[in-house]
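Since the structure comes first, as structure tokens, the remarks are kept for the end.
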Amino acid sequence: MSKSVEQQIEAMAFQWPDFRLIEQIDQSATWEGTLAPDKREHLVRVRYRVPMVLENFTVADAQPRVQVMHPKLERHPDYDQGPIPHVYKNKRDPSLPYLCLFSPSLWEWDVNDLLANTTIFWANEWLYFYEGWLVTKKWRGGGRHPSPTVDGAKQLATV
Amino acid sequence: MNVAYPGPWGQISEADALLMDVARRIQLSKTKHEIAETNFRALCQHVDREGSPLQGKVVECYPSGSFATGTAIASRVAKDQHDVDVVIELNVPPDSPPNVMLEFLFEAINGDPDSRYHGMVTQKSRCVTAKYTDGTTVDLMPVARLPGQPERAGNLFHHKKESGETYHKPVNPWGFVKEFNERVEVDLDFYKSFMGRRLLVDGALEKAETQPMPDHVPAEEKSPRIVALQLIKRNRDIASRDTARRNMRKPPSVVLAAIAMEAGPVASNLIDEVINVANAIRAKLREKTGPRRTILVRNPAYPPDVFTDRWPENEQAQDLFDIDLRRLVVELDRLRNEGLGMSEKRDILKRLFGETAASYAIDSNLDARRHEMEAGHLKAGSRGKIGASLAVSAVAGTRTTPVRAATREGGGFLKE
Chain A
116 MSKSVEQQIE
126 AMAFQWPDFR
136 LIEQIDQSAT
146 WEGTLAPDKR
156 EHLVRVRYRV
166 PMVLENFTVA
176 DAQPRVQVMH
186 PKLERHPDYD
196 QGPIPHVYKN
206 KRDPSLPYLC
216 LFSPSLWEWD
226 VNDLLANTTI
236 FWANEWLYFY
246 EGWLVTKKWR
256 GGGRHPSPTV
266 DGAKQLATV
Chain B
14 MNVAYPGPWG
24 QISEADALLM
34 DVARRIQLSK
44 TKHEIAETNF
54 RALCQHVDRE
64 GSPLQGKVVE
74 CYPSGSFATG
84 TAIASRVAKD
94 QHDVDVVIEL
104 NVPPDSPPNV
114 MLEFLFEAIN
124 GDPDSRYHGM
134 VTQKSRCVTA
144 KYTDGTTVDL
154 MPVARLPGQP
164 ERAGNLFHHK
174 KESGETYHKP
184 VNPWGFVKEF
194 NERVEVDLDF
204 YKSFMGRRLL
214 VDGALEKAET
224 QPMPDHVPAE
234 EKSPRIVALQ
244 LIKRNRDIAS
254 RDTARRNMRK
264 PPSVVLAAIA
274 MEAGPVASNL
284 IDEVINVANA
294 IRAKLREKTG
304 PRRTILVRNP
314 AYPPDVFTDR
324 WPENEQAQDL
334 FDIDLRRLVV
344 ELDRLRNEGL
354 GMSEKRDILK
364 RLFGETAASY
374 AIDSNLDARR
384 HEMEAGHLKA
394 GSRGKIGASL
404 AVSAVAGTRT
414 TPVRAATREG
424 GGFLKE
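Laid out in structure tokens, this is it:
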């Protein structure tokens, strides 16, 4: 059974008391908080909407949206996996992409999971390897890339 | 990742982990050790060959200095080059003319125009150097034993072609190595940490807890003092690259090793041990009782053997090394205490140990973190401070939760 937005909010307040709930509308919630896996602090926004019972959705569709609000992610096309490694593009504001935090195809997260026990940790780890990427110009955080096939469908390629 | 043994995992500080990574990068690989051993043994046999001017005169041939004490490091880290000092004991009168002995040895190695080492050999003031195609060198120092002296004590032959300076010097490299190896403390906990760090970086986590102690562990993996000496030597090498020091001698490794032997109890963690040894050397440098108002360091196994006969050339050279060591201590103290960012840590390591070793350490730290995460060893506090379990829970008031592993995957667009 999927976790309700109230359960997500309660767990976030317990595990991540410094994260502020900035918006709650029906079954969606948005939090902002600071993560500092290295020395620098990053203001992170997490938005999540619990899918409706009869809604047809995939894990990829339902996943929480995590963005780094400040400082904005640096773009380096010349770095390994640049301009920014392991993100989903944001059509509305390209400067605020969404972080790729887990593998939907491996079902590493689903709607039964608490964001407090998964998403925030993974965002923190993503930021740690992002800091490493800025220093070394290499992405050492591992992961997989979906790559488009000839017919436009997506397949997974291990990196 | 399949992890056979999930812990508990020994904890080391990040500063220690970085220094261990630097140390691994500057050390010689087992293969390089074996190649060096093969090279110098072949060289000695060549000196003793039929038709050589020193045929039948070679008594013993053994590595001296860093190679024998386990403190050897690569001379050029990026190219994995190293230099080996070897004593070749000759059955000749100890008062033989130095110029003649060095020329004999040069001729013995250089040989005929089409022979093995021809053109690879240089005669220096105390040794003959063979340089191999990969850039590594073997310095062969001829020594003639002195009768009635401690085991293997002998005269080395000093002759400078340019100035004509010629003399004999009593030495006992073998005695020093023996005493150093007997006195330097080993620490099995350090060995476990050092090996565990290597396996973690390599992603071989399951081996870290299950691999039995091998019968023969290299000295550089089980003694924090030896690893500390290697790091200090690397820092010395980096400092000496300064063009202003081009014509100056480097502080000899044997001087550093001799002082390190007297540096008191070994610290259990690496960064403290490096600072401990560096401070011991600095304390010694304040003594200026030698003939040039510089330090006097003798071979503890054979006091007539003065290690500081050529360095420091003068008080200024000694003070310069003291400044280098002070900088090392200050920078390591920052690395340990200041909560620096990754780029600041990289910059400190680069200044102290060079770019190749610094980059390797930062890369290794990232790889270790990923391997810990993949193995589910990380725990998180409530402000994004994530680390290995014990390190995080030691932070007062921090609630920790195990971090589930995940694979970063994505790209393209998400449904809005």
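Sequences listed follow chains A and B, in order. Taking my numbering, the leading residue of the first sequence gets 116, the next gets one more, and so forth. Taking my numbering, the leading residue of the second sequence gets 14, the next gets one more, and so forth. We put the beta carbon where it would ideally sit given N, CA and C, even for glycine.
Taking the alpha-carbon positions, what's the R382 of chain B to L391 of chain B distance? Here residue 382 of chain B refers to the residue found at position 369 when the second sequence is read from its first residue. Here residue 391 of chain B refers to the residue found at position 378 when the second sequence is read from its first residue. Each residue's alpha carbon lies about 8 angstroms from the other.
Chain-ordered residues of the stretch 191-215 of chain A with a beta carbon less than 9 angstroms from chain B: If you check each beta-carbon in the stretch 191-215 of chain A against every beta-carbon of chain B, the ones closer than 9 angstroms belong to P200, H201, V202, Y203, K204, N205, K206, R207, Y213, L214, C215.
Do A30 of chain B and F80 of chain B have their beta-carbon atoms positioned less than 8 angstroms apart in this structure? The residue you call residue 80 of chain B lines up with position 67 of the second sequence. The residue you call residue 30 of chain B lines up with position 17 of the second sequence. Contact: no.
Does V416 of chain B come within less than 8 angstroms of chain A when only Cβ atoms are used? The count along the second sequence starts at 1 and reaches residue 416 of chain B at position 403. Proximity of V416 of chain B to chain A, defined by a Cβ-Cβ separation below 8 angstroms, is satisfied.
Does the beta-carbon distance from V416 of chain B to F236 of chain A come in below 8 angstroms? Here residue 416 of chain B is taken as the residue at index 403 of the second sequence, counted from 1. Here residue 236 of chain A is taken as the residue at index 121 of the first sequence, counted from 1. Closer than 8 angstroms, so yes.
How is S454 of chain B classed by DSSP in three states: helix, strand or coil? The structure shown does not extend to residue 454 of chain B, since chain B spans only 14 to 429, so no value can be given for it.
Are Y213 of chain A and L427 of chain B close, meaning C-beta to C-beta below 8 angstroms? Taking the first residue of the first sequence as 1, we reach residue 213 of chain A at position 98. Taking the first residue of the second sequence as 1, we reach residue 427 of chain B at position 414. Going by C-beta atoms, Y213 of chain A is nearer than 8 angstroms to L427 of chain B.
Identify each residue in the stretch 242-254 of chain A for which the Cβ-Cβ distance to at least one residue of chain B is less than 8 angstroms, and report them in chain order. So the close ones are L242, Y243, F244, E246, G247, L249, V250, T251, K253.
Nearest neighbour of V183 of chain A, chosen from A:V120, A:R162, A:D176, A:V174 [CA to CA]: Within the first sequence, the letter at position 68 stands for residue 183 of chain A. V183 of chain A has its Cα closest to that of A:R162, out of A:V120, A:R162, A:D176, A:V174.
Element boundaries [beta strand (DSSP E), containing Q136 of chain B]: Along the second sequence, one-based indexing puts residue 136 of chain B at 123. Residues 134-136.
If you reduce the DSSP assignment to three classes, tell me which class N312 of chain B lands in. Numbered from 1 along the second sequence, position 299 holds the residue referred to as residue 312 of chain B. DSSP places N312 of chain B in strand when its eight states are reduced to three.
Does G140 of chain B come out as helix, strand or coil in the three-state DSSP assignment? For this step, residue 140 of chain B is matched to residue 127 along the second sequence. This sequence places Cys at residue 140 of chain B; Gly is not what is there. C140 of chain B: coil per DSSP, three-state reduction.
State the Cα-Cα distance for the pair L244 of chain B and R349 of chain B, rounded to the nearest angstrom. The residue you call residue 244 of chain B lines up with position 231 of the second sequence. The residue you call residue 349 of chain B lines up with position 336 of the second sequence. Between L244 of chain B and R349 of chain B, the C-alpha separation is close to 16 angstroms.
Start-end ranges of the alpha helix (DSSP H) lying completely within the stretch 322-399 of chain B, minimum 4 residues: DSSP runs (the alpha helix (DSSP H)) wholly in the stretch 322-399 of chain B: 328-350, 355-366, 368-387.
With 16 other Cβ atoms within 10 Å as the buried cut-off, status of D380 of chain B: Looking up residue 380 of chain B in the second sequence gives position 367. Counting the other CB atoms within 10 Å of its CB gives D380 of chain B a total of 16 or more, which places it among the buried residues.
Under a Cβ-count criterion, where at least 16 other Cβ atoms within 10 Å of its own Cβ denotes burial, should Y180 of chain B be classed as buried or exposed? One-based indexing of the second sequence puts residue 180 of chain B at position 167. By the neighbour-count rule (16 or more Cβ atoms within 10 Å), Y180 of chain B is not buried but exposed.
Between which two residues does the alpha helix (DSSP H) harbouring Y3 of chain B extend? What the structure shows of chain B is the stretch from 14 to 429, and residue 3 of chain B is not part of that stretch, so it cannot be assessed.
T135 of chain B versus chain A: which residues are under 9 angstroms apart at the beta carbon? The residue labelled residue 135 of chain B in the question sits at position 122 within the second sequence. Below the 9 angstroms Cβ cutoff, chain A contributes no neighbours of T135 of chain B, its closest Cβ being approximately 40 angstroms away.
Any beta-carbon of chain A closer than 8 angstroms to the one on D215 of chain B? Taking the first residue of the second sequence as 1, we reach residue 215 of chain B at position 202. No, D215 of chain B does not count as interfacial toward chain A.
Short-range partners of chain A found in the stretch 342-360 of chain B, where Cβ spacing is below 8 angstroms: Contacts with chain A (Cβ-Cβ distance below 8 angstroms) from the stretch 342-360 of chain B involve G352, L353, G354, M355, S356, E357, R359, listed in chain order.
Are the C-beta of R383 of chain B and some C-beta of chain A separated by less than 8 angstroms? The residue labelled residue 383 of chain B in the question sits at position 370 within the second sequence. True, the Cβ-Cβ gap to chain A drops below 8 angstroms.
Would you say L379 of chain B faces chain A, with C-beta separation under 8 angstroms as the test? Here residue 379 of chain B refers to the residue found at position 366 of the second sequence. So, interface residue.
Could you tell me whether the Cβ atoms of G258 of chain A and C215 of chain A are closer together than 8 angstroms? As a first step, residue 258 of chain A is located in the first sequence; it is residue number 143 there, counting from the start. As a first step, residue 215 of chain A is located in the first sequence; it is residue number 100 there, counting from the start. With respect to the 8 angstroms criterion, G258 of chain A and C215 of chain A are classified as neighbours on the basis of their beta carbons.
Pick out whichever of A:Y243, A:E223, A:V250 has its Cα sitting closest to the Cα of A418 of chain B. The sequence position of residue 418 of chain B within the second sequence is 405, counting from 1. Minimum Cα-Cα distance from A418 of chain B among the listed residues A:Y243, A:E223, A:V250 corresponds to A:E223.
Compute the Euclidean distance between the alpha carbons of L345 of chain B and P107 of chain B, then round it to the nearest angstrom. Taking the first residue of the second sequence as position 1, residue 345 of chain B is located at position 332. Taking the first residue of the second sequence as position 1, residue 107 of chain B is located at position 94. Between the alpha carbons of L345 of chain B and P107 of chain B lies a gap of roughly 46 angstroms.
The alpha helix (DSSP H) spanning Q139 of chain A covers which residue range? To locate residue 139 of chain A, count along the first sequence from 1; it is residue 24. Segment 135-140 is the beta strand (DSSP E) holding Q139 of chain A; no alpha helix (DSSP H) there.
Unbroken alpha helix (DSSP H) run spanning A157 of chain B, endpoints: Residue mapping note: residue 157 of chain B aligns to position 144 of the second sequence, counting from 1. Segment 150-158 is the beta strand (DSSP E) holding A157 of chain B; no alpha helix (DSSP H) there.
Start and end of the beta strand (DSSP E) containing W241 of chain A? For the purposes of this step, residue 241 of chain A is taken as the residue at position 126 of the first sequence. Where W241 of chain A is concerned, there is no enclosing beta strand (DSSP E), although the alpha helix (DSSP H) around it starts and stops at 234-251.
Contact list for L32 of chain B against chain A, beta-carbon separation under 8 angstroms: Indexing the second sequence from 1 puts residue 32 of chain B at position 19. In chain order: nothing, as chain A lies at least about 18 angstroms away.
Rounded C-alpha distance that separates R37 of chain B from Y243 of chain A: Mapped onto the second sequence, residue 37 of chain B falls at position 24. Mapped onto the first sequence, residue 243 of chain A falls at position 128. Their backbone Cα atoms lie some 24 angstroms apart in a straight line.
Starting from the beta carbon of T499 of chain B, find every residue of chain A whose beta carbon is closer than 7 angstroms, and list them in chain order. This structure leaves residue 499 of chain B out entirely; chain B is present only between 14 and 429.
Chain B within 8 angstroms of Q122 of chain A, Cβ atoms only: Locating residue 122 of chain A in the first sequence gives position 7, counting from the first residue. No, its Cβ sits nowhere closer than 8 angstroms to a Cβ of chain B.
Inter-residue spacing [alpha-carbon to alpha-carbon] between L169 of chain A and D141 of chain A: Residue 169 of chain A sits at position 54 when you count from the first residue of the first sequence. Residue 141 of chain A sits at position 26 when you count from the first residue of the first sequence. Straight-line Cα distance between these residues: approximately 16 angstroms.
Per DSSP, what are the beta-bridge partners of V197 of chain B in this structure? Position 184 of the second sequence, counting from 1, holds the residue named residue 197 of chain B. Within the DSSP bridge table, the entry for V197 of chain B names no partner.
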